[in-house]
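In the UniProt record's numbering, the protein residues as written are 1 to 242. Ideal placement from N, C-alpha and C gives every residue a C-beta, glycine not left out. These figures come from a predicted structure and were not determined experimentally. These notes are about the structure you will find just below.
Here's what the structure looks like:
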């Protein structure tokens, strides 16, 4: 008979544990190596010092490889064994569920703040598709303490933002200040300065490409990379302005 907490079917959490926040597997591996410990030492410490008898070296390795994720109690114990703060083992939240867990907020509290039925909210978490209106979105941002970039990503607006930004840098940026502001509600003066800068960067790059001989495959690839990273560049420029 298969035991319910065997690592291959129990991805990181004991039977009664809540799922943990996003786990930074490379950091856990790096911290363990810096202490000169093997996975067996980590597992032993978690069993003996933190009362988690099911933790094995194989489970520790699974966490470090990213194929399993520790729950909240396991994360705290792992941080204790590795002599670090739990925050050093937490990765950047990306999904709605990960942001809620990282903020330490119960799903009932998010649903209540946003004026949503709990089951409806949980379906949004499961599908990773936020369907709230503007008022509910504002409440979500407040209760989860979302930064503007995280708010845009969690509410599913990042792809639309990328499309608008690509159009802004390849055509007339002035026409996209208002549409971008609807997706990413930053101050208009900041958006104007950022869009102008991104437009000039891209157009300057394309002009240089042409002057260097009609555009080589390498320079064309650089142009594609610029457009691929347009959202990242946009937020970096917004942060500088702010």
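- Between the alpha carbons of residue 66 and residue 75 lies a gap of roughly 14 Å.
- Judged by DSSP secondary structure, residue 239 falls within the alpha helix (DSSP H) whose first and last residues are 230 to 241.
- Contact check between the segment 121 to 139 and the segment 43 to 59: fewer than three CB pairs, one atom from each, fall below 8 Å, which does not count as touching.
- Taking 8 Å as the upper bound for CB-CB distance, residue 195 and residue 180 are in contact here, some 7 Å apart.
- Taking a cut-off of 8 Å for Cβ pairs, the segment 111 to 123 and the segment 158 to 172 do not touch, as fewer than three such pairs fall below it.
- Secondary structure in the UniProt domain "HTH cro/C1-type" (95 to 151): the alpha helix (DSSP H) runs of 4 residues or longer, each lying completely within the stretch, are 96 to 103, 107 to 114, 118 to 127, 134 to 143 in chain order.
- Under the DSSP definition of a beta bridge, residue 23 partners with 90.
- In this structure, residue 79 and residue 60 do not form a Cβ contact; the two beta carbons are roughly 13 Å apart against a cut-off of 8 Å.
- Taking residue 93 as reference, the option from 135, 103, 206 with the minimal CA-CA separation is 103.
- Burial check for residue 83: the Cβ neighbour count within 10 Å stays below 16, so the residue is exposed.
- In the structure shown, residue 63 falls within a helical segment according to DSSP collapsed to helix, strand and coil.
- If you look at residue 56, you'll find it isn't in any alpha helix (DSSP H); DSSP assigns it neither H nor E.
- Residue 91 places its beta carbon less than 8 Å from that of residue 22.
- The Cβ neighbour count for residue 36, taken over all protein chains shown within 10 Å, is under 16; the residue is labelled exposed.
- Looking only at 230, 99, 88, 24, the smallest Cα-Cα distance to residue 147 is reached by 99.
- With distances taken between CA atoms, residue 204 lies nearest to 222 out of 62, 192, 222.
- By the criterion of a C-beta distance shorter than 7 Å, residue 118 is surrounded in its chain by 107, 108, 111, once the five residues flanking it on both sides are discounted.
- For residue 166, the uninterrupted alpha helix (DSSP H) segment begins and ends at 158 to 170.
- For the options 105, 31, 178, the alpha carbon positioned closest to that of residue 85 is the one of 31.
- DSSP, read as helix, strand or coil, puts residue 173 in helix.
- Sixteen is the threshold: when 16 or more other Cβ atoms of the shown chains lie within 10 Å of the Cβ of residue 39, as they do, the residue is buried.
- When DSSP states are grouped into helix, strand and coil, residue 221 belongs to the helix group.
- Residue 63 is positioned such that its CB atom lies closer than 8 Å to that of residue 28.
- Beyond the five residues adjoining it in sequence on each side, residue 193 comes within less than 7 Å, by CB distance, of 241 in the same chain, given in chain order.
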